[in-house]
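So for the sequence shown, the numbering used here puts the first residue at 2; every next one is plus one. Here a beta-carbon is modelled for each residue, glycine too, at the ideal position from N, C-alpha and C. Note that the structure is predicted; figures quoted are calculated from it, not measured. To start, the structure under review is shown below, and the notes come after it.
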Amino acid sequence: LDITKKSIVVSNCKSERVLIQRQIEECMKNSITNTKSSHEELCPICFCGVEDDLIILACDHKYCRECFCAYIKSAEVFPIKCLSENCNNPLLLNDIKSYVQEYEFNNLLQKSFNLYISQHPELYFYCKTPDCTQIFNKCPSSKDMLCTQCFSSICVSCAEFAHEGQTCAEYQRTKNMTMEDKEFEKWKNANKVKLCKNCGASIQKGEGCQHVTCAVCKSHICWFCLNIFDKNVIYQHMRSMHGGIHD
2 LDITKKSIVV
12 SNCKSERVLI
22 QRQIEECMKN
32 SITNTKSSHE
42 ELCPICFCGV
52 EDDLIILACD
62 HKYCRECFCA
72 YIKSAEVFPI
82 KCLSENCNNP
92 LLLNDIKSYV
102 QEYEFNNLLQ
112 KSFNLYISQH
122 PELYFYCKTP
132 DCTQIFNKCP
142 SSKDMLCTQC
152 FSSICVSCAE
162 FAHEGQTCAE
172 YQRTKNMTME
182 DKEFEKWKNA
192 NKVKLCKNCG
202 ASIQKGEGCQ
212 HVTCAVCKSH
222 ICWFCLNIFD
232 KNVIYQHMRS
242 MHGGIHD
């Protein structure tokens, strides 16, 4: 073997010379095959050579049709991107539409739309009626709206059923209450019952001084503003801030 001249000198019998020649030819054949396959484009999904029934995208990458259609139908993340190495480009809608069935394409659009709505609850929400597919824009300053599908009245500020006579905060606090709890809430509102800011206890005040002591936590409360003070300064607060200690 002469490395500098890249040649093999065979000095033995003819049979050995033929054997070596065959081995060289086999090596050359394998080299040509490997070179060819190294340039052959592989489907980025199944990693097989793309030959028959192929798909060529706008980014010039090729897919097996079966692999591509399965990839599109199973998509859960949007936008759908090309899987070829170092590509990652979003697929064009025209490319997708060209290679899948019409109903599959429509299902894909619906899936993408639903995902967008669910990921932006600060902007959009579905009607509260079960199985109703109406979508509303969330708008904190807007009034109630009538659902055009189920005709329910919806508060577009808090995304709940309309709650006339209650603020959104009041409705959120009472919506899971029992009937007895709701009746008690109505009674408290009608009788000017207020809550202790320290412990949350319900307090009803009769006539007289606006200094109230919570029966539960013993906090000293100014009935004018419901703030809590030390018993030694509460009267000074009422006189300076509210003009006296009585109504």
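Exercise. Once you ignore the five residues that flank ASP231 on each side, which residues in its own chain have a CB closer than 8 Å to its CB?
Worked result: To locate residue 231, count along the sequence shown from 1; it is residue 230. Only HIS221 meet the Cβ criterion.
Exercise. Considering only residues of the same chain and omitting the five flanking positions on each side of ASN233, which have a CB-CB separation below 6 Å?
Worked result: Taking the sequence shown and counting its residues from 1, the one referred to as residue 233 is at position 232. Nothing meets the Cβ criterion.
Problem set entry | Where LEU110 falls: helix, strand or coil (DSSP) | Sequence index remark: in the sequence shown, residue 110 carries index 109 (1-based). LEU110: helix per DSSP, three-state reduction.
For this session: Take every Cβ of the segment 170-180, pair it with every Cβ of the segment 196-209, and state whether three or more of those distances are shorter than 8 Å.
Result: no
For this session: Measure the C-alpha to C-alpha separation of ARG66 and PRO91 and round it to an integer number of angstroms.
Result: Walking along the sequence shown from the start, residue 66 turns up at place 65. Walking along the sequence shown from the start, residue 91 turns up at place 90. Using only the alpha carbons, I get a separation of about 18 Å.
Problem set entry | Nearest-angstrom Cβ-Cβ length linking LYS139 and PHE126, presumed shorter than 8 Å | For the purposes of this step, residue 139 is identified with residue 138 of the sequence shown, where counting begins at 1. For the purposes of this step, residue 126 is identified with residue 125 of the sequence shown, where counting begins at 1. About 6 Å; that satisfies the 8 Å criterion.
Exercise. Hey, which unbroken runs of the alpha helix (DSSP H) at 4 residues or more fall wholly within the segment 161-241?
Worked result: 169-175 and 180-191
For this session: Would you check if there are 3 or more beta carbon pairs closer than 8 Å linking the segment 76-95 to the segment 45-63?
Result: yes
For this session: Reducing DSSP to helix, strand and coil, say where PHE69 ends up.
Result: Locating residue 69 in the sequence shown gives position 68, where the first residue counts as 1. Residue state, collapsed to three classes: helix.
For this session: Compare the Cα-Cα distances from SER119 to each of PHE79, PHE106, CYS156 and LEU147 and report the closest residue.
Result: Taking the first residue of the sequence shown as 1, we reach residue 119 at position 118. Minimum Cα distance to SER119 is reached at PHE79.
For this session: Give every residue of the same chain whose Cβ lies closer than 6 Å to the Cβ of HIS247, excluding the five residues on either side of it in the sequence, and list them in chain order.
Result: Taking the sequence shown and counting its residues from 1, one reaches residue 247 at position 246. So no residue of the chain qualifies.
For this session: Label LYS180 either buried or exposed according to how many other C-beta atoms from any shown protein chain fall within 10 Å of its C-beta, with 16 as the threshold for buried.
Result: In the sequence shown, the residue the question calls residue 180 occupies position 179. Sequence check: residue 180 is Met here, not Lys. The residue in question, MET180, is exposed, as its Cβ has fewer than 16 Cβ neighbours within 10 Å.
Exercise. Sorted by chain position, which residues of the same chain lie with C-beta nearer than 6 Å to VAL101's C-beta, five sequence neighbours on each side aside?
Worked result: Locating residue 101 in the sequence shown gives position 100, where the first residue counts as 1. Only CYS70 and ILE73 meet the Cβ criterion.
Problem set entry | Nonlocal neighbours in the same chain, by C-beta distance under 7 Å from GLU103, ignoring five residues either side | Counted from its first residue, the sequence shown places residue 103 at position 102. The answer is none, since no qualifying residue turns up.
For this session: Label HIS212 either buried or exposed according to how many other C-beta atoms from any shown protein chain fall within 10 Å of its C-beta, with 16 as the threshold for buried.
Result: In the sequence shown, residue 212 corresponds to position 211, counting from 1. Buried: at least 16 other Cβ atoms inside 10 Å.
For this session: Pull up the CB-CB distance for GLY164 and CYS156, whole angstroms please, since I reckon it's below 8 Å.
Result: Here residue 164 corresponds to residue number 163 of the sequence shown, with the count starting at 1. Here residue 156 corresponds to residue number 155 of the sequence shown, with the count starting at 1. Reading the sequence as shown, one finds His at residue 164 and not Gly. That belief holds up - the Cβ atoms of HIS164 and CYS156 are roughly 6 Å apart, short of 8 Å.
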